[in-house]
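Enquirer:
Residue numbers (our numbering): 223 to 594.
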């Protein structure tokens, strides 16, 4: 984590942040040039997450110690798609209201442009799962996490919206429907759509770096973690697009899910903890939890693409039939088993936190319902 506030004012903090960000970029480039036999930014998967690194998909599925998560009191009976635990519903309502209000104010503070309208269109209507994870992780350390972690919660939602705009483009998934509405590239001029993700990401950094409730060093740590999540997401998207060229082995698919889907979930949990007072080791455990939760979410989304409905999902279903997914590799039963395994690992990462992590446990328990 960066030096604390006593070592200088805000200008020094910004200089430190810029220096560390540049050094990080140089390291990624150096590692990338040294990497052989892989595509693009594949080296980013070696980022230190001690409980995630080095485990193959086969080992996870075969490991008898990774049994059914200890969640009967929290999760109750199996729910239908879209049906949430009561506590999760209450948390969702509070987070959605707070995030939507803060984002509306953030957009209002900037000039109203065509690019801004695209950005607002893309952000509107989300379930705010990643924001919920940031607040739930922060609540382990801070009873006022909804206020303290709100800038992080907003930033991860802005980054997620940016990734959706790009993912839906004709050059990528060529999607037609997102969040129950036509995709942005079908509604707005293409030049504005191309610029909107940059606006969304920069607005997210602005919210983090100007947060009034958090020390300078914790702002810097959170912003740097969001940067690394963006790099991982790019790598995961490249792997996802590469998978469309032909058959993909399970471990490569898992790696794609870990990077593309796990990255923002992991950052939400880790950064939410950091800004609310969590230590580095605690934040790393929550990063691990978020990574596995993100992978469980993606596998559950694969299942929902087969058994769900467009009105539940807010997007077209059956779109993955020609792609390599957890369902096409493992079948429905195998994919559901993988969801359970990833959930179990996410629960395991929370063991040290006791009852303080129950909000996060409830979200994990509902992952089959939130993947809609």
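By construction, the Cβ of each residue, glycine as well, lies at the ideal position given by its N, Cα and C atoms.
Under the rule that 16 or more other beta-carbon atoms within 10 Å means buried, what is residue 290, buried or exposed?
Expert: Any reading at residue 290 needs caution, since the residue's pLDDT is 43, under 50, leaving its predicted position unreliable; the model's value is listed next. It is exposed - the Cβ of residue 290 has fewer than 16 other Cβ atoms within 10 Å.
Enquirer: Which partner residues does residue 404 have in the DSSP bridge list?
Expert: For residue 404, which the question treats as bridged, DSSP gives the partners 399.
Enquirer: So is residue 419 buried or exposed if we call it buried at 16+ other beta carbons inside 10 Å?
Expert: Buried, by the Cβ-count rule.
Enquirer: Verify whether the separation of the beta carbon atoms of residue 366 and residue 321 is less than 7 Å.
Expert: In this structure, residue 321 does not lie closer than 7 Å to residue 366 by Cβ.
Enquirer: Using only CA atoms, which one of 494, 400, 408 and 395 lies nearest to residue 364?
Expert: Of the listed residues, the one whose Cα sits closest to residue 364 is 494.
Enquirer: Less than 7 Å between the beta carbons of residue 359 and residue 445, yes or no?
Expert: It is not a contact, given that the beta carbons lie outside the stated cut-off.
Enquirer: If I measure Cβ to Cβ from residue 408 and keep anything under 8 Å in the same chain, skipping five residues before and after, which residues do I get?
Expert: Closer than 8 Å at the Cβ level, and outside the excluded window around residue 408, lie 398.
Enquirer: With residue 365 as the anchor, note down where its alpha helix (DSSP H) starts and where it stops.
Expert: Counting along the chain, residue 365 falls outside any alpha helix (DSSP H), and DSSP gives it neither H nor E.
Enquirer: Buried or exposed, going by whether 16 or more other CB atoms sit within 10 Å of the CB of residue 402?
Expert: By the neighbour-count rule (16 or more Cβ atoms within 10 Å), residue 402 is not buried but exposed.
Enquirer: If I measure Cβ to Cβ from residue 423 and keep anything under 8 Å in the same chain, skipping five residues before and after, which residues do I get?
Expert: So the qualifying residues of the chain are 380, 381, 384 and 452.
Enquirer: Assuming residue 454 and residue 481 are in contact, meaning their beta carbons sit under 8 Å apart, how far apart are those beta carbons, in whole angstroms?
Expert: So it is a contact: roughly 5 Å between Cβ atoms.
Enquirer: With a CB to CB cut of under 8 Å and the five nearest residues on each side skipped, what residues in its chain are close to residue 516?
Expert: So the qualifying residues of the chain are 479, 480, 483, 484, 485, 486, 487 and 488.
Enquirer: Assess contact between the stretch 518 to 527 and the stretch 554 to 564, defined as three or more Cβ pairs (one per stretch) separated by less than 8 Å. Is contact present?
Expert: Yes: the two stretches touch, three or more of their Cβ pairs being nearer than 8 Å.
Enquirer: For residue 571, collect the residues of the same chain with a Cβ closer than 8 Å to its Cβ; drop the 5 residues on either side in sequence, then sort them by chain order.
Expert: 273, 507, 508, 510, 511 and 514, listed in sequence order.
Enquirer: Let's test the definition: count the other Cβ atoms within 10 Å of the Cβ of residue 315 and tell me whether it reaches 16, buried, or not, exposed.
Expert: Per the 10 Å Cβ criterion, exposed.
Enquirer: Under 7 Å, do residue 370 and residue 549 count as touching if we go by C-beta distance?
Expert: Going by C-beta atoms, residue 370 is not nearer than 7 Å to residue 549.
Enquirer: Using CA coordinates, which residue listed in 577, 477, 504 and 312 is at the minimum distance from residue 368?
Expert: Among 577, 477, 504 and 312, the Cα nearest to that of residue 368 is on 312.
Enquirer: Check residue 349 in the structure and name its three-state DSSP category.
Expert: Here residue 349 sits in coil by DSSP.
Enquirer: Does DSSP put residue 623 in a helix, in a strand, or in coil?
Expert: Summary: the structure shown does not reach residue 623, with the chain confined to residues 223 through 594, and so no result is reported for it.
Enquirer: Which same chain residues end up closer than 6 Å to residue 421 when comparing Cβ atoms and leaving out the 5 residues on each side of it in sequence?
Expert: So the list reads 337 and 341, once near-sequence residues are dropped.
Enquirer: Pick out the complete alpha helix (DSSP H) segments inside the stretch 308 to 340, 4 residues or longer, and give them in chain order.
Expert: As far as the stretch 308 to 340 is concerned, its whole alpha helix (DSSP H) runs of at least 4 residues are 308 to 330.
Enquirer: What did DSSP end up calling residue 357 once you bin it into helix, strand or coil?
Expert: Note: residue 357 maps to helix in three-state DSSP.
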